[in-house]
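**Q** Supplied in C-alpha cells, the structure appears directly below.
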Amino acid sequence: AAVRPDLHALVRDDRVHRTLYTDQEIFAEEMVKIFGGRSWVYLAHESQLPEPNSFLSVRMGLRPVIVTRDRAGVLHAVFNRCSHRGATLCREQSGVAKSFQCPYHGWTFRNTGELVGTPWPQGYGEDFDRTEFGLHKVSRVESYRGFVFATLNESAPALTDWLGPATGWLDYWIDRAPGGEVLVRSGVHRMGYRGNWKLAYDNAGDGYHPAFSHRSLLEMASRMGESKDMAYFGRSPDEGPMRTYMLGNGHSVIDQRPNYDGPGSFWANQRPQPGRERVEEYIRAEYGADADRLLDLCVGSQINLSIFPNLLIIGNQIQVVEPLAVDSTQLSWHATSIGGVPPEINTIRMRTQEDFPAFGEPDDQANFEEVQRGLAAPEAEWVFANRGLNVPGWQEVGPDGVVSSTATDELHMRHYYATWLDLMTSGGAR
Ligand code: FES
Ligand code: FE
Numbered sequence: 006a007a008v009r010p011d012l013h014a015l016v017r018d019d020r021v022h023r024t025l026y027t028d029q030e031i032f033a034e035e036m037v038k039i040f041g042g043r044s045w046v047y048l049a050h051e052s053q054l055p056e057p058n059s060f061l062s063v064r065m066g067l068r069p070v071i072v073t074r075d076r077a078g079v080l081h082a083v084f085n086r087c088s089h090r091g092a093t094l095c096r097e098q099s100g101v102a103k104s105f106q107c108p109y110h111g112w113t114f115r116n117t118g119e120l121v122g123t124p125w126p127q128g129y130g131e132d133f134d135r136t137e138f139g140l141h142k143v144s145r146v147e148s149y150r151g152f153v154f155a156t157l158n159e160s161a162p163a164l165t166d167w168l169g170p171a172t173g174w175l176d177y178w179i180d181r182a183p184g185g186e187v188l189v190r191s192g193v194h195r196m197g198y199r200g201n202w203k204l205a206y207d208n209a210g211d212g213y214h215p216a217f218s219h220r221s222l223l224e225m226a227s228r229m230g231e232s233k234d235m236a237y238f239g240r241s242p243d244e245g246p247m248r249t250y251m252l253g254n255g256h257s258v259i260d261q262r263p264n265y266d267g268p269g270s271f272w273a274n275q276r277p278q279p280g281r282e283r284v285e286e287y288i289r290a291e292y293g294a295d296a297d298r299l300l301d302l303c304v305g306s307q308i309n310l311s312i313f314p315n316l317l318i319i320g321n322q323i324q325v326v327e328p329l330a331v332d333s334t335q336l337s338w339h340a341t342s343i344g345g346v347p348p349e350i351n352t353i354r355m356r357t358q359e360d361f362p363a364f365g366e367p368d369d370q371a372n373f374e375e376v377q378r379g380l381a382a383p384e385a386e387w388v389f390a391n392r393g394l395n396v397p398g399w400q401e402v403g404p405d406g407v408v409s410s411t412a413t414d415e416l417h418m419r420h421y422y423a424t425w426l427d428l429m430t431s432g433g434a435r
C-alpha cells in the first residue's frame, strides 16, 4: 500500500498541497477523524425534531446516522446501519417513530438503539444475546441553543469549548428572532458539485471572490436600485469596512454589518426577490407603525459564520457541507423561519433566502468544479492562500485574543487548515 505523505509537509503558512483535495486516502482519513472521530460535527437543528419520537436521517461524514428524540424528548444519534448484516435501517428523511424495523430481515430496534425483536426468534441459539446487537451509538450528542452536534470522541472538549467565541456569533444570529425562536422546517434546497468538500469551506470565509465571482448578481442588483454598496463593489474591496474574525478551532466569521444601510440597501432587498414588493405593501398597509420593525426582521443577518467542519450560517440560512466522495459534495441549504411574527414576515424572509442559492451559489459551485479540474494537474502542486499574509496594518488582535483582518485576507483558509492538520495528525484526545 502507498505510504501516506507527511501531512505537515502539505500544509504550509501560505499554501496547501493539491492532494488535500484529490487524494482518496486523505479523504478517507478526514471522514473518520475530521467528521466525528475527533471533532464535533453539526448534525441537525432541534426544530427539525419537534416532538417526542421524532427522527431525522443525516450523515456524519460518510456514516449514515439517525438523530432521534426518545419518548422523554432526549436527543440520541445512532448509526443508520442494521447490526445484523449492515443494511440501511431507516430509509425516510424524517418522521416520528418509536422503533425502526429493518427492511431486509425484519430486525426491530427502539429509537434509542436497543434490539427489541427478531422475526422467528426460535431460529437463534441459546447463546444469542439481543443486548449485544444494539445499533452503534454516537457517544456524545450535545446542542447549543438548538444546534445539535455530535462526536465519537469520548475525550473531546465540551461543545461550548469547541465552539469558543463562535457561541457569541450564534447568539447574535439566534437572538435576532423574537424570543430566539428559529425554526428549520421550511424544506431543504440541495445541490451537488463535483469537487472536494473543503472547496465549499474555503469559500465560505473568502471575502476576496464576491466582486469577481458574483458580478452578474451584483449587476442585476445594481439595475434594481442604486446604493452605496454598489460603489463599494466597484472599487477595491480592500477598502471596504467588512472584516473577518478567526474564532479558533477552524471557525470564522465575515461581518458584513458595517455595509448594511438599513432597509433599501443592496443587503436588504435590492437583489432579485420575486413577489417581495407585493407582500411588503400588504405588511405596510396591515401593520402600520409596526411595519418597519417587522420588515427589519426579514433582512439577512449580514454575517457568514463558518463552524468547522460542516456548518455554514449564511444570511438567514443554515448550509450543511456533506462530503460524498473526494471529488463529490452535497450542499444542503436549510431555510429558517422565526416564531412570534405574522406569517407574511416569514414569506418575505423566504424571498430573501431564495435569491442567493438561486443566483449566487451557482457561481461558487462553478468555481468549485473548475478548481477540482485544475487540481488534476499533478505537476502544479500548490494552492495558495497568501493574500493578506504579512501585509502591515491588516491583521489585528482583539482584546479577547481574536485575530481579525480585512475581509479579503485569505486568513480563514490559513486558520482552519491549522485545525485540520492538528485533527489529522494529533493522537486523538483533544
Ligand atoms: Fe437488517 Fe438483516 S440486515 S435484519
Ligand atoms: Fe460566493
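Per UniProt numbering, residue 6 is the first one in the sequence shown, and the count goes up by one each step. Think of the CB as a built atom: it goes at the ideal place given N, C-alpha and C, for glycine as much as any other residue. All of these numbers come straight from a predicted model, not from anything done at the bench.
#1: Under the assumption that LEU120 contacts PHE138 (Cβ atoms under 8 Å), give the Cβ distance between them as a whole number of angstroms.
#2: Let me see if you follow: with CB-CB separation under 8 Å, is ASP414 close to chain B or not?
#3: One question on the structure: do THR172 and SER409 come within less than 8 Å of each other, judged by their Cβ atoms?
#4: To the nearest angstrom, how far is it from the Cα of ALA330 to the Cα of ARG64?
#5: Going by alpha carbons, who is nearest to TRP202 out of ASP369, ASN391, ARG20 and THR430?
#6: What ranges does the alpha helix (DSSP H) occupy inside the region 255-309, keeping only unbroken runs of at least 4 residues that lie completely in it?
#7: Any heavy atom of the ligand FE within a distance shorter than 7 Å of the CB on ASP369?
#8: ALA236: buried (16+ other C-beta within 10 angstroms of its C-beta) or exposed?
#9: Might you give, ordered along the chain, the residues of its own chain that have their beta carbon closer than 7 Å to the beta carbon of ARG199, omitting 5 neighbours on each side?
#10: To the nearest angstrom, report how far apart PRO55 and MET418 are at their CA atoms.
#11: Which residue from TRP387, PHE364 and ARG262 puts its Cα closest to that of ALA226?
#12: Given a cut-off of 8 Å on the beta-carbon distance, is the pair LEU336 and VAL326 in contact?
#13: Which one of THR123, TYR109, TYR421 and TRP174 has the shortest CA to CA distance from GLN261?
#14: On the CB-based measure, 16 or more other CB atoms within 10 Å of its CB, does GLN98 come out buried or exposed?
#15: What are the uninterrupted segments assigned as alpha helix (DSSP H) that are 4 or more residues long and contained completely in the region 168-242, given in chain order?
#16: In its own chain, which residues sit with a C-beta less than 7 Å from the C-beta of ASP360, not counting the 5 before and 5 after it?
#17: Span of the alpha helix (DSSP H) holding ALA82?
#18: Can you name, in chain order, every residue of its own chain whose Cβ lies under 8 Å from the Cβ of GLY151, other than the five neighbours on each side?
#19: So is ASN372 buried or exposed if we call it buried at 16+ other beta carbons inside 10 Å?
#20: As an exercise, report each continuous beta strand (DSSP E) stretch of at least 3 residues that is fully enclosed by the region 333-395, in chain order.
#21: Just how far apart, CA to CA, sit ILE31 and ASN254?
#22: Can you list the residues near the ligand FES, meaning Cβ strictly closer than 5 Å to any non-hydrogen atom, in the order they appear in the chain?
#23: Quick one, which of LEU300, ARG190, GLY169 and HIS214 has its alpha-carbon nearest ASP243's?
#24: Can you round the beta-carbon distance between SER191 and SER342 to whole angstroms, since I take them to be within the 8 Å contact cut?
#25: Taking 8 Å as the threshold, find out whether the region 75-93 comes into contact with the region 30-47 through three or more Cβ pairs.
#26: In the DSSP assignment, the alpha helix (DSSP H) including GLN29 goes from what residue to what residue?
#27: Counting along the chain, where does the beta strand (DSSP E) carrying THR430 start and finish?
#28: Measuring alpha carbon to alpha carbon, tell me which of LEU48, PRO170 and HIS141 ends up nearest LEU316.
#29: Counting C-beta neighbours from all protein chains within 10 Å, is the total for ARG23 16 or more, i.e. buried, or is it exposed?
#30: For THR165, count neighbouring C-beta atoms within 10 Å of its own C-beta (all shown protein chains included) and say buried if the count is 16 or more, exposed if not.
#31: With DSSP run on the structure shown, which of helix, strand or coil describes TYR26?
#32: Check PHE133 in the structure and name its three-state DSSP category.
**A** In short, the structure shows the following:
#1: Right, the Cβ-Cβ distance comes to about 4 Å (below 8 Å), so this counts as a contact.
#2: Considering every chain present, this structure includes no chain B. It has just one protein chain.
#3: At the C-beta level, THR172 and SER409 stay beyond 8 Å of one another.
#4: Distance between the alpha carbons of ALA330 and ARG64 is about 13 Å.
#5: Residue ASP369 holds the alpha-carbon nearest to the alpha-carbon of TRP202 among ASP369, ASN391, ARG20 and THR430.
#6: Whole alpha helix (DSSP H) segments, 4+ residues: 271-274, 281-292 and 296-301.
#7: Within the chosen limit of 7 Å, the ligand FE reaches the beta carbon of ASP369 through at least one heavy atom.
#8: Caution applies to ALA236, whose pLDDT of 46 falls short of 50 and renders its modelled position unreliable; the model cannot decide the point.
#9: The residues are ASP332, SER333, GLU374 and GLN377.
#10: Taking the straight line joining both Cα atoms gives about 36 Å.
#11: The option with the nearest alpha carbon to ALA226 is PHE364.
#12: Yes, the Cβ-Cβ distance between LEU336 and VAL326 is below 8 Å.
#13: It is TRP174.
#14: It counts as exposed.
#15: If you keep only unbroken alpha helix (DSSP H) runs of at least 4 residues inside the region 168-242, you get 171-180, 202-209, 215-218, 220-229 and 233-239.
#16: Sequence-distant Cβ neighbours of ASP360 in its own chain, meaning closer than 7 Å and more than five residues away, are ARG276, PRO277 and GLN278.
#17: No alpha helix (DSSP H) contains ALA82, which is instead part of the beta strand (DSSP E) from 80-84.
#18: If we look at GLY151 and ignore the five residues flanking it on each side, its Cβ neighbours are HIS50, GLU51, SER52, ILE179 and VAL187.
#19: Answer is buried; the Cβ neighbour count reaches 16.
#20: Within the region 333-395, complete beta strand (DSSP E) segments of at least 3 residues are found at 333-339 and 387-389, given in chain order.
#21: Rounded to whole angstroms, ILE31 to ASN254 spans 20 Å at the Cα level.
#22: That gives CYS87, HIS89, ARG90, ALA92, CYS107, TYR109, HIS110 and TRP112.
#23: Out of LEU300, ARG190, GLY169 and HIS214, HIS214 has the C-alpha closest to the C-alpha of ASP243.
#24: Yes, SER191 and SER342 are in contact; Cβ-Cβ is about 6 Å, under 8 Å.
#25: Counting C-beta pairs closer than 8 Å gives fewer than three between the region 75-93 and the region 30-47, which falls short of the contact rule.
#26: It spans 29-37 - the alpha helix (DSSP H) in which GLN29 sits, taken as one unbroken run.
#27: Segment 416-430 is the alpha helix (DSSP H) holding THR430; no beta strand (DSSP E) there.
#28: Ranked by how close their Cα comes to the Cα of LEU316, the residues LEU48, PRO170 and HIS141 have LEU48 in first place.
#29: When all chains shown are included, ARG23 counts as buried.
#30: Exposed, since its Cβ has fewer than 16 Cβ neighbours within 10 Å.
#31: TYR26 carries a helical assignment under DSSP once its states are collapsed to helix, strand and coil.
#32: Secondary structure of PHE133 (DSSP, three-state): coil.
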